[in-house]
Amino acid sequence: MMVVFIPLDIDYVDDKENKTWIRIFGRTKEGKRCCVLDSCEAFFYLIPKEGVDIKKYVEKVKKTEVKIANRIGKVKKIEIVKKNFVGKPITALKVFVTNHKDIIPIKDVVKNFKETKDKQETDINFVTRYIIEKGIKSLQWHEVKGKVIGKKELEQLGLEPLDSEVIIKAEKLTPINKFDFKPKFLAFDIEASEFEVGKGQIIMIAIANEKLKKVITWKRFSNAPPEVEFVKDEKELIEKFKEIIKEEKPDCLVGYFSDGFDLPYLRERANALKIKLDLGIDNSNITFIRGIVGSAKISGIVHIDLFKFIENIIAPTLQSETLTLDEVANELIGEQKLKIDLARLTKEFHKAKDSEIQKFCLYNLQDAVLTAKLFCKLWPNIAEITRLVNEPLWTCSRATYSSLVEHYIIHNINKFNEIIKHRPIHEEIQERRRKGKYTGAFVLQPKPGLYENIAMFDFRSLYPSIIISFNISPSTILEKPEKDCYETPEFEYDGKKVRFYFSKKQGFIPCLLKELIEKRKKVKEELKRKKDDPLLEARNYALKTLANATYGYYAFFGARWYCRECAASATAFGRYYIQKVIEEAKKAGFNVLYADTDSVAFELGNKSEAEALRWQKKINEKLPKDMELELEDFYKRGIFVTTRRKEIGAKKKYAMLAKDGSIKIRGFETVRRDWAKLTKELQDKVLRLVLEEGKPDKALTYVYKVIDDLKAKKIEKEKLIIRTQLKKEIESYAAITPHVVIARRMKKLGLPVKVGSIIEYIITEGKKGKGKELIREKAKLPEECEEKEYDTNYYIEHQIIPAVENIFEVFGITKEQIITRKRQKSLSEF
DNA sequence: ACATACCGGGG
DNA sequence: GTGTACGGTATGT
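In the numbering used here, the protein residues as written are 44 to 873.
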């Protein structure tokens, strides 16, 4: 039997004989759900010490046996192989073991043999191993030859039954020319009565895709829109949600922050109501893989948390200042969330009017619809990253760049005959951290100010082009300079003036990087012919960003091929070239405002845009062939600000007004919940006013007004609430911060507080007549705070001033002048 | 100045 | 074994 199918998810399970099976879940060309069963050898490498009698060593290793539970793990066979390890030729033993699970215990025995120098590839995930060994192409079509099996055979093997129309025991798998593929998906969103997982209950769940729009709720109301379906209670709500997933059989279940909220919340509620969350194709429960924010996995259905993908992969190219669904959807698809008073509605949904609950349902539905539309928009990006990196979709859609780079190397390393380096152990990471920083990029501190007609240029892929040009890698770095080798500029490294040297014999990482760049060139050519093709655009983006991440990878503590000298060499070259560009800009008579890493901004002054472009062309003629300076944009107006403590300009803290009227804000990060709402609104307004007006007058008047309102006690206390999360047990705090004091108070009052609670408080005037009080002594629960009890001075000094101080400093207006309203210089002087 | 703790996304 | 993120900022000591 031969079937054409596309792999979507891959995992592994043990049968009753303890054989480990790979399960590839996917879709056939006819659109049927299928599962391909397969397996591959499990092995790792041993590197002997020098002078060891290899044959004797092999015999010794061969005899290794370990007892695991009720069975014995053995070495099956050993091959003596010539390999490279970080570029150096070595002889190694390729040790095949009886089962993937046996690698760790067998390695633990043989690593202690006196002949053993090192062990490698003991930490390769079995799915990754399988993909490499069988040449599987993630998310591309394959032909599978094999035997179709049924329920009975699965049972005989001791494997779980599968909700899959086609199940094949693979004999041969071949990637074939691909046709297009768009997964069947369901986007979903839950609305709950509380914000914290483990508190409250689910009120409604919305689901959406291209065809389906639905809200399920147990909260009945009249005149419900047709999308709303009522159920008896929360238990039925969850059951119904499960039922829809079982019926729809999606390839992907898509949420926004669903790793961190929706699915953990659903799990808590399912536990409380004793419902099984057996959503997997094999009826397994959702599993949560631990991490700082966990990841939720469903066997055979790829759960995608769009927030993670956007945060990790897309965010650097977004203008959005925050990554809320509202803002991201607005930027990417031009649609927003419905505006409702969510805090009130969730708290008081029991007594809410029918019309309000109806709005709530529509809000819920809109969130699911936005998630669905975002998924459609970003699918090409997710798919292309996945195809490039070749790990399963579930992994690629939530991986960080460092992990993507590493997987890309691992999946392409075979052609270099390289052994994969071990992931660093805890102590190695500590050591890397201890060594710490090296000189980074060059930053020209901006002279704080408001400027008109600004040109911004940046290097195209600065670090990749440097790494390739000078062959920078852990396998090419030389201990001593050779006759013909690359040499960095001289720079300071750990307190010494140094140069590093790299062999001209191409290293495997620069080689892979060059391939990425060349693939990208081809894609760009194709893009010229097929303009705006989303798939090609996405491939271009994947290739570009993955290449750009390689420098960061060298510097990443957790990297297998970490190389601090390589990272330091790349920045040394980077500093050299950006400084050259600055020099050239000055020579051409431009007033350089700011430069950072790979970009430079200067005033056009009395010169035209065309002249700036001619200057750029001249620069490019002088640069090495792989390096290029590109135009970022021309801006109408921009403001560079000072840091609060120093007189010098802040790195990456600026706001620009583009010619189309849009505003690009960088580095103003007050949009956080530990700032009062008043502050967040104020800062945004002030930046916009300053840029649009070209002077600070209106913005200043606005600040005065807010300060006046504060003093007149006209600000509602809602806008002054500061929110901080209790991250651990109250008793375990070493530093007693305001929110800890409030948490203690809440406990005393019998209010529910526990780890994870969001503590809300307002800073009040405190006890009169007492000397200087700590902030925590003046913190009060919002409910216990009178409407006019807030500490005007605290809010001026700790909220308003910090948020706008550096903006006004640009105009020579100091903090004191904002407070006293005495302008020492007239505005016309600026 | 250094240490400790929290921010993000989500209701 | 699916890695315990990460860079920045406020408050306390």
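Built from N, CA and C at the ideal position, the CB exists for glycine as well.
Beta carbon of residue i nearer than 8 Å to that of residue j
i: Cys78; j: Phe68; result: yes
i: His782; j: Ile764; result: no
i: Ala611; j: Tyr481; result: yes
i: Arg475; j: Tyr584; result: no
i: Glu203; j: Asp325; result: yes
i: Leu375; j: Ile497; result: no
i: Lys190; j: Leu89; result: no
i: Ser775; j: Asp669; result: no
i: Ala655; j: Leu647; result: yes
i: Phe392; j: Lys262; result: yes
i: Phe418; j: Val297; result: yes
i: Thr165; j: Glu434; result: no
i: Ile19; j: Thr640; result: Nothing about residue 19 can be reported from this structure: the residues present for the chain run from 44 to 873 only.
i: Leu732; j: Arg680; result: no
i: Lys760; j: Cys828; result: yes
Residues near residue i by beta carbon distance below 8 Å, same chain, minus five either side
i: Phe169; result: Tyr55, Thr63, Ile65, Ala85, His143
i: Thr780; result: Thr767, Arg819
i: Gly323; result: Ile329, Ile341, Ser342, Gly343, Ile344
i: Lys390; result: Ser236
DSSP-derived helix/strand/coil call for residue i
i: Arg114; result: strand
i: Gln362; result: coil
i: Pro148; result: helix
i: Gly303; result: helix
i: Val240; result: coil
i: Tyr481; result: coil
i: Asn252; result: coil
i: Asn680; result: The sequence given here has Arg at residue 680, not Asn. If DSSP states are grouped into helix, strand and coil, Arg680 belongs with the strands.
i: Phe599; result: coil
i: Ala498; result: strand
i: His143; result: helix
i: Thr767; result: strand
i: Pro507; result: helix
i: Leu674; result: strand
i: Ile287; result: helix
i: Thr835; result: helix
i: Tyr173; result: helix
Own chain partners of residue i with C-beta closer than 6 Å, once the 5 adjacent residues on each side are dropped
i: Pro218; result: Lys180, Gln183, His185
i: Lys215; result: Lys188
i: Gln379; result: Asp369, Asn373
i: Phe599; result: Ser445
i: Gly538; result: none
Integer Cβ distance of residue i from residue j, believed to fall under 8 Å
i: Lys120; j: Phe139; result: 5 Å
i: Arg441; j: Phe352; result: 7 Å
i: Gly337; j: Asp52; result: Not quite, the Cβ-Cβ distance comes to about 18 Å (not below 8 Å), so this is no contact.
i: Val729; j: Ile850; result: 6 Å
i: Ile250; j: Ile287; result: 6 Å
i: Phe551; j: Ser518; result: 6 Å
i: Thr807; j: Lys790; result: Their Cβ separation, rounded to whole angstroms, is 20 Å, which puts Thr807 and Lys790 out of contact at 8 Å.
Endpoints, the alpha helix (DSSP H) within which residue i is located
i: Thr863; result: 858 to 863
i: Trp927; result: Outside the modelled stretch of the chain, which goes from 44 to 873, sits residue 927, for which no answer is possible.
i: Pro293; result: Taken as a continuous stretch (DSSP letters only), Pro293 belongs to no alpha helix (DSSP H), as it is neither H nor E.
i: Cys554; result: 551 to 572
i: Arg76; result: Not the alpha helix (DSSP H): Arg76 falls in the beta strand (DSSP E), residues 76 to 81.
i: Cys609; result: 607 to 630
i: Pro423; result: 397 to 432
i: Lys720; result: 720 to 736
Boundaries of the beta strand (DSSP E) in which residue i is found, first to last residue
i: Gly189; result: 185 to 191
i: Pro781; result: That residue, Pro781, is in no beta strand (DSSP E); its alpha helix (DSSP H) goes 781 to 791.
i: Trp658; result: Trp658 -> not in any beta strand (DSSP E); alpha helix (DSSP H) instead, spanning 652 to 665.
i: Lys212; result: 209 to 218
i: His465; result: Neither: His465 is in no beta strand (DSSP E) and is coded neither H nor E.
i: Pro50; result: 45 to 57
i: Ala85; result: 85 to 91
Own chain partners of residue i with C-beta closer than 7 Å, once the 5 adjacent residues on each side are dropped
i: Glu690; result: With a pLDDT of 39 at Glu690, under the threshold of 50, the modelled position of this residue cannot be trusted; read the value that follows with caution. Excluding residues within five positions, none has a Cβ falling inside 7 Å.
i: Ala846; result: Thr713, Thr722, Leu725, Gln726
i: Arg787; result: Ile773
i: Lys571; result: none
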